[in-house]
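Peer 1:
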Amino acid sequence: MKLPILWLRDYLDANDRQLAEAIADACARWELNPSHDPAHTLGTLFTFAGFNCDGVAGSGWNAVLELDVLSNRPDCLCVLGLAREAAAFLKLPTLAPAFQIAESGADASTWAQMTVEDAKTCPRYTARVIRGVKVGPSPQWLQDRLKAMGLTPRNNIVDITNFILFELNHPLHAFDLNKLAGKRIVVRRAKDKEPFKPLYDELPPLTPETLVIADGEKPVAIGGIIGGAGSEVSPATTDILLEAACFDPASIRRSCRRLKAGTDSSYRFERGVDILGVERASARAARLIAELAGGTIAKGSLDSNPHPAPLKELSLRHERLNALYGVNVAPQETSALLAALGCAILRETAAELTVLPPTWRRHDLAREVDLIEEVARLHGYNHVPAVTSMSARIPPRSPAEAAIDRVREHFSALGYFECTTDSLIDPKAPMPAVWTGEPPLALNKQSVLREDHSSLRNCLLVSLLNTQRLNQDRRTGIVRLFECGKVFLPKAGQARPEERQVLGLLDETGFAALADAVRRLHEALSLDGAHLKLVPPEPGYTPAFLAPESACRVVRVREMPGDERAEDAIGWLGIASAALCKAFDLKRAPAVAEIHLATLATLPSGPRRYVPLPTQPENARDVALVVDESVAWQEIERFTEKYKNLEPLRDKREATRFLSVFRGKQLGAGKKSVAFSVVYRAADRSLTDEEVNTAHRRFVDELLKTFNAALRA
Amino acid sequence: MSLQDDIAQTRAEALAAFDAAGGKGDAAALEAARIKYIGANGLVKAFMKRLGEVPKDQKPAVGQALNALKDELTNAHDAAKSRLGAAAPKSVSAFDVTEPLPPERQPALGKLHPLTRTVNELRDLLRALGFEVVEGPEVEDERHNFDDLNIPPDHPSRDSFDTFFLSKDALLRSQTSTVQVRMMETRKPPLRVIAPGRVYRPDIIDATHHSTFHQVEGLCVDMGVSMADLKGTLQLFVEGLFGEGTRIRFRPSFFPFTEPSAEMDCSCPACSGIGCNVCKQTGWVELGGCGMVDPAVFEAINHARGDKAYDPEVWSGFAFGFWIERLAMRRHGITDIRRFLENDLRFLRQI
Ligand SMILES: [Zn+2]
């Protein structure tokens, strides 16, 4: 909203010196630094009153301020509204515009008729008749004010309606009364495809959803949005029908959307125009027309006002104000600030104040807290002390949050870069069926701005492959990525999908590194009695997005009471299939994994227990075990862990150390030889070779039985 | 010493010898080490001959380990040899401080995403101020995204042009304030929580706009909480974030779910408030929005809960929100918001 200071001063009772002093005083009161130029300083004051000053054109009293008006303050989309604000924070008296008119001759209804068929969309419609006007150019002062707003002056009548729009925030429309068929106004819905030619531009065909102002035959304006060609004021016009009305904001907004049109009028009706100010606006315009274009104002006006809007009084407790604002404001200052905004002070007691808000603030001053905000705002937010006396508190950390932190640390420490990809994806991208085979959830067509951002992803893999592709095209080096993010899986019978927190991984350096990093996740998470293993899927269950020979299920293993183990598949790991690589045009087939992260966050973990470091020497024995390919190293490791507790030489054996794995013809197909080292040690003495050999033999026997294995010859 | 112990010790010595010879570019030393460890009469060969000492049941395992050792040492020798040509022949000291490690020997280095690091920093500061981290869904209903946040039914932000809808009953949250509502629905006051998360708004994607971005929202509800508590909390927060002496200020603003509402600025961390390019010579930078919880929000919560747990006559509260991308962009001088979701490795390495 442009605010020419020249125009603003029409409503401020202050000469140059008084205004400059008031600006300096307000600056001091709000603890702001004044600028060298009073116009800039005034802009800063407006900013701190809640009207952010975006720029100042020119300087001194001829400057024009560019102010942002917040959506709850449509009353300030006009010069008078901003002048009220300025008067309140500058503590200056205001000069009200003149509204008195001299009516004469026959009643308005003698000259014109009016019917409102849709009072819901048009709750208030008034029309005045002014006869015998002389259309011509406006006087210089009026032209200057419109030019300052960026408008081109046209003729005195149109200029006056525009002037009122910017003075009072009330859009008006002047019709040439003699061009209205039947000298009639009918406020109604348009007929389907009813012809209408707007004053400028073209509009899509009308539909019955659009409210029109019609004469006895045809639409002559679209209510609150734009006038029509043919009924407008021209140099030949002598009699005028002056419309001052109010329209339902939501209907105006919908019509503008539908018609792809927007005007200074519709902008204001969308945000809300003072329905109780209709008569004032009409009178002010009629007065100016009579003054500048001559003519006589017919008595009264045609008026449709079936449900007059009420005005509600409200109270403000001083104690409540101080408690919320955090500053003690003197009661007399509170009432002075509210009075400056146009509130009528009805009653005052020691504890509270009762006011009637001004008509133009009927909507946003409706509750006690609304008054509190006004007082706080004009008293000055800079007076709020930056001091809190809230009690200290250390909140708990959720296991999920802690787990995600550790997962992030783990993979970044292992050389993976974390990425953050968009959840909105292109539904035409090849979609790996990691969690579901269904297509991703689509956004409503109306919401979609870009086709490539029109669906909600159901796996992270699609985003990671896109990221690999982008880095491949830009030759940024070897790609190793992870992401902790949400995927969206439709839930039958529910409007909202499941939001699954998952971990996605992509590694161009190959399967082994990624598999190792994933298997060691349990260490990063300090899991207690749980770990991850990789197993080939059951025959026939290999997913299409992984190369068959590489596909593994990520399995979460939990040790249960007794000897039980609970195993759950929580994700996939493998090399991206050739088809997928081709679809994303990847030169290197990456190792990828996607893991349901929440299933790890809920596992028991916690500070690990300290085991005193050994003081006695160790006795190592190496084993080379020929086992089936399907036996994972971790299973052997777990077995030896558990065996430790059963074995008579309790606590004398320590962690097994993996040495190497060997595959060869001599072992036979589907077999491998795993070599590892077992350490024996007693807490308090050196073990004899004899003792160790006995224990080791017994351990190896158990091992062979458990894994159906043989010792390597 | 047992054969196993000898093997372990020799392995360490041999790797060190190859590495040192390769690093210095000393071909003679490398060849000497080769002969000593993996030559025809080297130590590895000697260990093979000692296999007889090992108890019979362990023989295959030790044998396998020895073969693995031989492979490993041969590789290490070859790697060292390949470096000989590249190494400068003259005046190379054993402790070379001027040359980096060759790329293949550099340990891989990963990093957290700049948005994660920004969120973590905010989170840790706010946790010290008593705020617990909570989460909420990204796909929301109208009640949590609008109704209970005091956004009227005909408000423009409810149009499908301003919010992503999946269906009539499901939309992508346009603000993390939805989590405030969910927290108050399920917990009684007092309450101090923050909700970091992803939000969505239909917007043209360009250097300064994206349709997917991140916010951190904070909420505090307690008895007797005032704007001074809000300002005091944020003052401590910005001092933690930008250093002591950073100041905070409020400008009046409007949000449907807070009243009074304010925009919060802090003194420019780049110039300490003197005026520079970062703050466009104003000495201040914008941080986000804040305000006192609107009593209408408390009433909506009470209605949803079916009790009077959040009686606005008893409880008051404040809320604040930061745009993560904006903070991270200012902190690192990033000029294109699209970089965050694009994940060009050069960007991730650099920031
Ligand atoms: Zn600065």
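Each protein sequence line maps, in turn, to chains A and B. According to my numbering, the residues represented by the first sequence are 1 to 713, in order. According to my numbering, the residues represented by the second sequence are 714 to 1064, in order. Where a beta carbon is used, it is the ideal one built from N, C-alpha and C, also for glycine.
Please classify B/A908: does DSSP put it in a helix, a strand, or coil?
Peer 2: As a first step, residue 908 of chain B must be located in the second sequence, where it is residue number 195. It is a strand residue.
Peer 1: Is there at least one non-hydrogen atom of ligand 1 closer than 6 Å to the beta-carbon of B/V951?
Peer 2: In the second sequence, counting from the first residue as 1, residue 951 of chain B sits at position 238. Not so, every heavy atom of ligand 1 lies at least 6 Å from the Cβ.
Peer 1: Please confirm if A/L659 has its CB atom under 7 Å from at least one CB of chain B.
Peer 2: Counted from its first residue, the first sequence places residue 659 of chain A at position 659. So yes, A/L659 belongs to the interface.
Peer 1: Starting from A/V700, find everything on chain B with Cβ-Cβ shorter than 8 Å and list it in chain order.
Peer 2: Counting from one through the first sequence, the residue named residue 700 of chain A turns up at place 700. Here the neighbours are D770.
Peer 1: Using 7 Å as the limit for Cβ to Cβ distance, is A/Y125 near chain B?
Peer 2: Translated into the one-based positions of the first sequence, residue 125 of chain A becomes position 125. No, its Cβ sits nowhere closer than 7 Å to a Cβ of chain B.
Peer 1: Can you list the residues near ligand 3, meaning Cβ strictly closer than 5 Å to any non-hydrogen atom, in the order they appear in the chain?
Peer 2: The model on display carries ligand 1 but not ligand 3.
Peer 1: Give the straight-line distance between the Cα atoms of B/T787 and B/S715, rounded to the nearest whole angstrom.
Peer 2: For the purposes of this step, residue 787 of chain B is taken as residue 74 along the second sequence, with counting starting at 1. For the purposes of this step, residue 715 of chain B is taken as residue 2 along the second sequence, with counting starting at 1. In a straight line, the C-alpha of B/T787 is about 24 Å away from that of B/S715.
Peer 1: Nearest by alpha-carbon distance to B/Q1095: which of B/L879, B/R914 and B/Q888 is it?
Peer 2: Nothing can be reported for residue 1095 of chain B: it is not among the residues displayed for chain B, which extend from 714 to 1064.
Peer 1: Near B/R681, which residues of its chain fall below 8 Å by C-beta distance, leaving aside the five closest residues on each side in sequence?
Peer 2: Within the shown structure, residues of chain B are numbered from 714 to 1064, placing residue 681 of chain B beyond reach of any answer.
Peer 1: Going by CA-CA distance only, name the one from A/A261, A/V129 and A/A515 that's closest to A/L534.
Peer 2: To locate residue 534 of chain A, count along the first sequence from 1; it is residue 534. Of the candidates A/A261, A/V129 and A/A515, the one whose C-alpha sits nearest the C-alpha of A/L534 is A/A515.
Peer 1: Can you tell me where the alpha helix (DSSP H) holding A/E270 begins and where it ends?
Peer 2: Taking the first sequence and counting its residues from 1, the one referred to as residue 270 of chain A is at position 270. That run of the alpha helix (DSSP H) goes D264 to R271.
Peer 1: Answer yes or no: do A/T733 and A/C419 have a C-beta to C-beta separation smaller than 7 Å?
Peer 2: With chain A covering 1 to 713 only, the question about residue 733 of chain A has no answer from this structure.
Peer 1: Label B/E845 either buried or exposed according to how many other C-beta atoms from any shown protein chain fall within 10 Å of its C-beta, with 16 as the threshold for buried.
Peer 2: Within the second sequence, the letter at position 132 stands for residue 845 of chain B. The residue in question, B/E845, is buried, as its Cβ has 16 or more Cβ neighbours within 10 Å.
Peer 1: Within the continuous alpha helix (DSSP H) that includes B/H675, where are the two ends?
Peer 2: Given that chain B is displayed from residue 714 to residue 1064, the structure contains no residue 675 of chain B and the question cannot be resolved.
Peer 1: Quick one: is A/I225 buried, meaning 16 or more other Cβ sit within 10 Å of its Cβ, or exposed?
Peer 2: Indexing the first sequence from 1 puts residue 225 of chain A at position 225. The residue in question, A/I225, is buried, as its Cβ has 16 or more Cβ neighbours within 10 Å.
Peer 1: With B/S966 as the anchor, note down where its beta strand (DSSP E) starts and where it stops.
Peer 2: Against the second sequence, residue 966 of chain B aligns to sequence position 253. Taken as a continuous stretch (DSSP letters only), the beta strand (DSSP E) holding B/S966 covers I961 to F968.
Peer 1: Where in the stretch 141–195 of chain A do unbroken runs of the alpha helix (DSSP H), each at least 4 residues long, occur, reported from the N-terminal end onward?
Peer 2: As far as the stretch 141–195 of chain A is concerned, its whole alpha helix (DSSP H) runs of at least 4 residues are 156–168.
Peer 1: Under a three-way DSSP split, which group does A/Q501 fall into?
Peer 2: Reading the first sequence from its first residue, position 501 is the one you call residue 501 of chain A. Here A/Q501 sits in strand by DSSP.
Peer 1: Which chain A residues sit within Cβ distance under 8 Å of B/T946?
Peer 2: Against the second sequence, residue 946 of chain B aligns to sequence position 233. Neighbours of B/T946 on chain A, chain order: T388 and M390.
Peer 1: Relative to the C-alpha of A/D144, which candidate in A/I636, A/L6 and A/L424 has its C-alpha closest?
Peer 2: Position 144 of the first sequence holds residue 144 of chain A. Checking every option, the nearest Cα to that of A/D144 belongs to A/L6.
Peer 1: Quick test of your reading: B/P827 and B/A1041, contact by CB under 8 Å. State the CB separation rounded to the nearest angstrom.
Peer 2: Position 114 of the second sequence, counted from the first residue, corresponds to residue 827 of chain B. Position 328 of the second sequence, counted from the first residue, corresponds to residue 1041 of chain B. With a Cβ gap of about 5 Å, B/P827 and B/A1041 count as contacting.
Peer 1: Using beta carbons (cut-off 7 Å, strictly below), is B/G735 in contact with chain A?
Peer 2: Here residue 735 of chain B corresponds to residue number 22 of the second sequence, with the count starting at 1. Chain A, which has no Cβ nearer than 7 Å to the Cβ of B/G735, makes this no.
Peer 1: Can you tell me which of A/T694, A/L711 and A/K642 puts its alpha carbon nearest to the alpha carbon of A/K671?
Peer 2: What you label residue 671 of chain A is simply residue 671 of the first sequence in a count that begins at 1. A/K671 has its Cα closest to that of A/L711, out of A/T694, A/L711 and A/K642.
Peer 1: Can you tell me which of the three DSSP states A/G228 falls into?
Peer 2: Residue 228 of chain A sits at position 228 when you count from the first residue of the first sequence. Reduced to three states, the DSSP call for A/G228 is strand.
Peer 1: Does the CB of A/R712 have a neighbour CB from chain B at under 7 Å?
Peer 2: By one-based count along the first sequence, residue 712 of chain A stands at place 712. Yes, A/R712 lies at the interface with chain B (some Cβ there is under 7 Å from its Cβ).
Peer 1: Between the stretch 908–924 of chain B and chain A, which residues of the former have a C-beta closer than 9 Å to a C-beta of the latter?
Peer 2: Result list: R911, Y913, P915, D916, I917, I918, H923 and S924.
Peer 1: Please decide whether A/T476 counts as near chain B, where near means a Cβ-Cβ distance under 7 Å.
Peer 2: Position 476 of the first sequence, counted from the first residue, corresponds to residue 476 of chain A. Interface residue, yes.
Peer 1: Along chain A, which residues have their Cβ under 7 Å away from the Cβ of B/F963?
Peer 2: Taking the first residue of the second sequence as 1, we reach residue 963 of chain B at position 250. Within chain A, the residues near B/F963 are Y381 and V384.
Peer 1: Kindly indicate which residue of A/L199, A/R253 and A/G272 has the alpha-carbon position closest to the one of A/H170.
Peer 2: Indexing the first sequence from 1 puts residue 170 of chain A at position 170. Checked all of A/L199, A/R253 and A/G272; the closest Cα to A/H170 is A/G272.
Peer 1: Given a cut-off of 7 Å, decide if A/A63 and A/V56 are closer than it, judged by their beta-carbon atoms.
Peer 2: Reading the first sequence from its first residue, position 56 is the one you call residue 56 of chain A. Reading the first sequence from its first residue, position 63 is the one you call residue 63 of chain A. Result yes, Cβ atoms of A/V56 and A/A63 sit closer than 7 Å.
Peer 1: Find the nearest neighbour of B/L885 within the set A/D563, A/S455, A/A492 and A/A513, judged by alpha-carbon distance.
Peer 2: In the second sequence, residue 885 of chain B corresponds to position 172, counting from 1. Of the candidates A/D563, A/S455, A/A492 and A/A513, the one whose C-alpha sits nearest the C-alpha of B/L885 is A/S455.
Peer 1: What is the rounded straight-line gap between the Cα of A/T602 and the Cα of A/P440?
Peer 2: Taking the first residue of the first sequence as position 1, residue 602 of chain A is located at position 602. Taking the first residue of the first sequence as position 1, residue 440 of chain A is located at position 440. Their backbone Cα atoms lie some 27 Å apart in a straight line.
Peer 1: Mind the definition here: the stretch 969–976 of chain B touches the stretch 427–440 of chain A only if three or more C-beta pairs lie below 8 Å; say whether that holds.
Peer 2: Touching, no, given that fewer than three Cβ pairs across the two stretches are closer than 8 Å.
Peer 1: Output yes if chain A places a C-beta closer than 7 Å to the C-beta of B/K803; else output no.
Peer 2: Along the second sequence, read from residue 1 onward, the residue named residue 803 of chain B stands at position 90. With a pLDDT of 48 at B/K803, under the threshold of 50, the modelled position of this residue cannot be trusted; read the value that follows with caution. B/K803 does not count as touching chain A.
Peer 1: So, are the CB atoms of B/W1028 and B/V892 less than 7 Å apart?
Peer 2: Within the second sequence, residue 1028 of chain B is the residue found at index 315, counting from 1. Within the second sequence, residue 892 of chain B is the residue found at index 179, counting from 1. Not in contact: B/W1028 and B/V892 (Cβ atoms no closer than 7 Å).
Peer 1: Report the residue from A/D192, A/K587, A/A339 and A/T334 whose alpha carbon sits nearest the alpha carbon of A/G380.
Peer 2: Along the first sequence, read from residue 1 onward, the residue named residue 380 of chain A stands at position 380. The residue with the shortest Cα to Cα distance from A/G380 is A/T334.
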